[in-house]
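Here's the structure, in structure tokens; my notes come after.
2 protein chains.
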Amino acid sequence: MKKRVAYCVSDHTGVTVEAVAKSVLAQFPAVEFSLIVLPFIDSPEKAQAAAEQIAATPDALVFSTLADPALRAGLRQSHARLFDVFDLVAPAVETVLGQAATPSGGHTHGMTNDYESRMDAVNFSLALDDGLQPQRLDQADLILVGVSRVGKTPTALYLALQYGLRVANYPLTPDDLEHGKLPDVLLANLPRLRALTLSAERLAAIRHARYPDSRYASLQQCRDELATAEKLFARHALPVLDTSRMSVEEIAAHLRHP
Amino acid sequence: MKKRVAYCVSDHTGVTVEAVAKSVLAQFPAVEFSLIVLPFIDSPEKAQAAAEQIAATPDALVFSTLADPALRAGLRQSHARLFDVFDLVAPAVETVLGQAATPSGGHTHGMTNDYESRMDAVNFSLALDDGLQPQRLDQADLILVGVSRVGKTPTALYLALQYGLRVANYPLTPDDLEHGKLPDVLLANLPRLRALTLSAERLAAIRHARYPDSRYASLQQCRDELATAEKLFARHALPVLDTSRMSVEEIAAHLRHP
Numbered sequence: 000m001k002k003r004v005a006y007c008v009s010d011h012t013g014v015t016v017e018a019v020a021k022s023v024l025a026q027f028p029a030v031e032f033s034l035i036v037l038p039f040i041d042s043p044e045k046a047q048a049a050a051e052q053i054a055a056t057p058d059a060l061v062f063s064t065l066a067d068p069a070l071r072a073g074l075r076q077s078h079a080r081l082f083d084v085f086d087l088v089a090p091a092v093e094t095v096l097g098q099a100a101t102p103s104g105g106h107t108h109g110m111t112n113d114y115e116s117r118m119d120a121v122n123f124s125l126a127l128d129d130g131l132q133p134q135r136l137d138q139a140d141l142i143l144v145g146v147s148r149v150g151k152t153p154t155a156l157y158l159a160l161q162y163g164l165r166v167a168n169y170p171l172t173p174d175d176l177e178h179g180k181l182p183d184v185l186l187a188n189l190p191r192l193r194a195l196t197l198s199a200e201r202l203a204a205i206r207h208a209r210y211p212d213s214r215y216a217s218l219q220q221c222r223d224e225l226a227t228a229e230k231l232f233a234r235h236a237l238p239v240l241d242t243s244r245m246s247v248e249e250i251a252a253h254l255r256h257p
Numbered sequence: 000m001k002k003r004v005a006y007c008v009s010d011h012t013g014v015t016v017e018a019v020a021k022s023v024l025a026q027f028p029a030v031e032f033s034l035i036v037l038p039f040i041d042s043p044e045k046a047q048a049a050a051e052q053i054a055a056t057p058d059a060l061v062f063s064t065l066a067d068p069a070l071r072a073g074l075r076q077s078h079a080r081l082f083d084v085f086d087l088v089a090p091a092v093e094t095v096l097g098q099a100a101t102p103s104g105g106h107t108h109g110m111t112n113d114y115e116s117r118m119d120a121v122n123f124s125l126a127l128d129d130g131l132q133p134q135r136l137d138q139a140d141l142i143l144v145g146v147s148r149v150g151k152t153p154t155a156l157y158l159a160l161q162y163g164l165r166v167a168n169y170p171l172t173p174d175d176l177e178h179g180k181l182p183d184v185l186l187a188n189l190p191r192l193r194a195l196t197l198s199a200e201r202l203a204a205i206r207h208a209r210y211p212d213s214r215y216a217s218l219q220q221c222r223d224e225l226a227t228a229e230k231l232f233a234r235h236a237l238p239v240l241d242t243s244r245m246s247v248e249e250i251a252a253h254l255r256h257p
């Protein structure tokens, strides 16, 4: 397989340009790419150093998100092929809006208020993890419910970190399942509930990794719990998401846009 | 201020296209944009429905990451101005690589292995939160150290969720600070340590929100703790990151690319 190095150069974290590069390069499966991320390239000196590193790499591709045209010009001294998101998209947007882009405005992540609301959301989601503090469930944006190890905690934390949502999670224990109805504290918050489920095989594998050969991890136990839980979800008409083949980004996007 | 709606249309989660749209639109500060994300547009029927919704919105801009050209064509029936990342970037990459793009290859997030390693990392980071299980610190990729409420837990969870790194965190208590050296369990793992610090004003504000008017939250106490901690960091030549004006993405990118 052919190999190529692809640089992802950003004046900021590099999260966006790395995502763009991965999406585009995934369309070329015959080439094996190794990605090198160069974040915080925000001065002519750093652009110069990046250009030298790139120039020393044979046949490198370069994806970039550099808001300042002078930095892009600096990077171009590497003579590598440069795909800059602003170069490619901003001129078309300028035409449509009838106004010129302001290069200095390119950052979207540095806002302190946004940081604080997301940190508050993380603290909330940790405080209400695994059924803790049920008296505060009415303060949640979303409440994830499901059987043990179905992925509630990581999903709640991701929604808090990425989107600033206050996401509680509540495990359905075998006791809850036997009662044939949701606990009262959940029924009082029905519109906020989102149910997660999984294939029994995946759940058993996840539980086995933690408690090998336990009854808790047996395929039969997983099947029984999931089937009973799904009946409960149907009885209360909860939105249910089967996360068996999903990444945490996919789960979060489905929950955010139901 | 002029107002415009910008749609972010994706055949997947929409995370990438939303980041691109926000970066580009931040360069047009004279217009107020409201973003509408339409994820999982992965069939002709959904593209048709999205096109109808967009056509009903006056002057909408549309950013998209639709790997399948047929879906992009469907979206174009809205007659809105469409900026598709693949349309704009893939042809140039095709030229450089000398091969055609394969539209079906556009997904990068759906990998189960990746999901599991990230969930393992989250579980690790939760298990070793706040100094828990110090005997396992040698299994960590990174160990964040700093005084109470400096942002260790959210940063550790973000690095775990986003990059699959196993990140422990260890609080420096006033007792630790009085000893004038790092606890032995940290000294045994020196290369893994990353120190976090903050301005005393920010730290006091964060502590006040939790424990108003306490000695713990007083500016003097925060100043003393931070100054002593920074001396400790210098003594052991730890890499130190001042997170006062940073988002969690920025903190994570700095820690990942020291």
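So the sequences go chain by chain: R and U. For what it's worth, numbering that gives the first Met the number 0 labels the leading residue of the first sequence as 0, then goes sequentially. For what it's worth, numbering that gives the first Met the number 0 labels the leading residue of the second sequence as 0, then goes sequentially. Note that the Cβ used here is the ideal one computed from N, Cα and C, for glycine as well.
* Asp119(R), DSSP secondary structure in three states -> In this structure, DSSP gives Asp119(R) a helical state, which the three-state scheme calls helix.
* How many whole angstroms separate the CB atoms of Val16(R) and Thr64(R), which I take to be in contact at a CB cut-off of 8 Å? -> Contact flag correct, Cβ pair sits at about 4 Å.
* Asked: Using a C-beta to C-beta distance shorter than 7 Å, which residues of chain U count as neighbours of Gly13(R)?
  -> Going along chain U in sequence order, the residues near Gly13(R) (Cβ under 7 Å) are Ala252.
* To do: Would you mind reading off the limits of the beta strand (DSSP E) that contains Arg80(R)?
  => In this chain, the beta strand (DSSP E) harbouring Arg80(R) covers Arg80 to Asp83.
* When DSSP builds the beta bridges, which residues end up paired with Ala194(R)? -> As computed with DSSP, Ala194(R) is found in a beta bridge with Val144(R) and Val239(R).
* Asked: When you compare only the Cα positions, how much space is there between Gly104(U) and Ala66(U)?
  -> Note on Gly104(U): pLDDT 49, under 50, position unreliable in the model; the coordinate value appears next. If I take the Cα positions, the gap works out to 8 Å.
* Is the closest heavy atom of the ligand HEM to the C-beta of Leu202(R) under 6 Å? -> The ligand HEM is absent from the structure shown, which contains no ligand whatsoever.
* To do: Scan the segment 2-31 of chain U for residues whose Cβ lies nearer than 7 Å to a Cβ of chain R and list them as they occur along the chain.
  => The residues in question are Thr12, Gly13, Val14, Thr15, Ala18, Val19, Lys21, Ser22, Val23, Ala25, Gln26, Phe27, Pro28, Ala29 and Val30.
* Using a C-beta to C-beta distance shorter than 9 Å, which residues of chain R count as neighbours of Phe85(U)? -> Per Cβ cutoff of 9 Å: Ser22, Val23 and Gln26.
* Asked: CB Arg206(U) to CB Arg148(U), shorter than 7 Å?
  -> Contact: yes.
* Could you tell me how far apart the beta carbons of Gly145(U) and Leu195(U) are, in whole angstroms, since I believe they sit closer than 8 Å? => Gly145(U) to Leu195(U), Cβ: 4 Å. Contact.
* Look up Arg165(U) in the DSSP assignment and say whether it is helix, strand or coil. => Looking at Arg165(U) - three-state DSSP - the assignment turns out to be coil, as it is neither helix nor strand.
* Using the beta-carbon of each residue, which ones in chain U are nearer than 8 Å to Asp113(R)? -> Those are Ser246, listed as they occur along chain U.
* **Residue nearest to Gln75(R) in terms of C-alpha spacing, selected from Pro190(R), Ala54(R) and Thr152(R)** => Note that residue 75(R) is Arg in the sequence shown, not Gln. Ranking the options by Cα distance to Arg75(R), first place goes to Ala54(R).
* **Identity of the residue in Val30(R), Val23(R), Ala99(R) and Asp41(R) nearest Ala29(U) by Cα** => Closest option to Ala29(U), judged by alpha-carbon separation, among Val30(R), Val23(R), Ala99(R) and Asp41(R): Ala99(R).
* Within 10 angstroms of its Cβ, does Gln26(R) collect 16 or more other Cβ (buried), or is it exposed? -> Counting the other Cβ atoms within 10 Å of the Cβ of Gln26(R) gives 16 or more, which makes it buried.
* Drop a sphere of 10 angstroms on the beta-carbon of Met110(R), count the other beta-carbons inside from all chains shown, and report buried for 16 or more, exposed for fewer. => Here the model assigns Met110(R) a pLDDT of 43, short of 50, so the residue's position is not dependable, and the following value carries that caveat. Label assigned to Met110(R): exposed.
* Note down, in chain order, every chain R residue with its Cβ under 8 Å from the Cβ of Thr101(U). => By Cβ distance, chain R contributes Gln26, Phe27 and Pro28.
* Asked: Where DSSP assigns a beta bridge to Ser63(R), which residues make up the other side?
  -> The bridge partners DSSP lists for Ser63(R) are Val8(R) and Asp83(R).
* What in chain U is Cβ-close to Phe82(R), meaning under 8 Å? -> Going along chain U in sequence order, the residues near Phe82(R) (Cβ under 8 Å) are Val88, Ala91 and Val92.
* Nearest-angstrom beta carbon gap, Leu225(R) and Ala199(R) [assumed within contact, 8 Å] -> Confirmed, Cβ separation roughly 6 Å.
* Cutoff 7 Å: Leu74(R) Cβ touching any chain U Cβ -> So, not an interface residue.
* Asked: Listing by chain order, which chain R residues have their CB less than 8 Å from the CB of Ala48(U)?
  -> Under the 8 Å cutoff, chain R gives no residues; its nearest Cβ is about 13 Å from Ala48(U).
* Three-state class that DSSP yields for Ser33(R) in the structure shown -> The three-state reading of DSSP puts Ser33(R) in strand, counting E and B together.
* Asked: Helix, strand or coil: which one does DSSP assign to Met110(U)?
  -> Per-residue confidence for Met110(U) stands at a pLDDT of 43, beneath the threshold of 50, marking its modelled position as unreliable; the derived number appears in the next sentence. Under the three-state reduction of DSSP output, Met110(U) falls in the coil class, being neither helix nor strand.
* Asked: Short check: CB of Ala159(U) to CB of Ala126(U), under 7 Å?
  -> Result no, Cβ atoms of Ala159(U) and Ala126(U) do not sit closer than 7 Å.
* **For Tyr6(U) and Ala91(R), the rounded distance between their alpha carbons** => Distance between the alpha carbons of Ala91(R) and Tyr6(U) is about 16 Å.
* Neighbourhood of Met189(U) by C-beta distance below 7 Å, restricted to the same chain and skipping five residues each side -> Sequence check: residue 189(U) is Leu here, not Met. Hits under 7 Å: His235.
* Residue of Gln134(U), Ala18(U), Leu231(U) and Tyr162(U) minimising C-alpha distance to His253(U) -> For His253(U), the nearest C-alpha among the options comes from Tyr162(U).
* Asked: Do Pro38(U) and Thr12(U) have their C-beta atoms within less than 7 Å of each other?
  -> Yes, the pair counts as a contact, with Cβ atoms nearer than the cut-off.
* Asked: Which chain R residues are close to Gln98(U), counting only those with a beta carbon under 8 Å from its beta carbon?
  -> Near Gln98(U) (Cβ distances below 8 Å), the residues of chain R are Phe27, Ala29 and Val30.
* With DSSP run on the structure shown, which of helix, strand or coil describes Pro173(U)? -> In the three-state reduction of the DSSP assignment, Pro173(U) falls in the helix class.
* **Environment of Lys151(U) [buried if 16+ CB atoms lie within 10 Å]** => Flag for Lys151(U) reads buried.
* Excluding five sequence neighbours on each side, which residues of the same chain lie with their C-beta closer than 6 Å to the C-beta of Ser9(U)? -> Once the five neighbours on either side are set aside, the close Cβ partners of Ser9(U) are Val16, Pro38 and Thr64.
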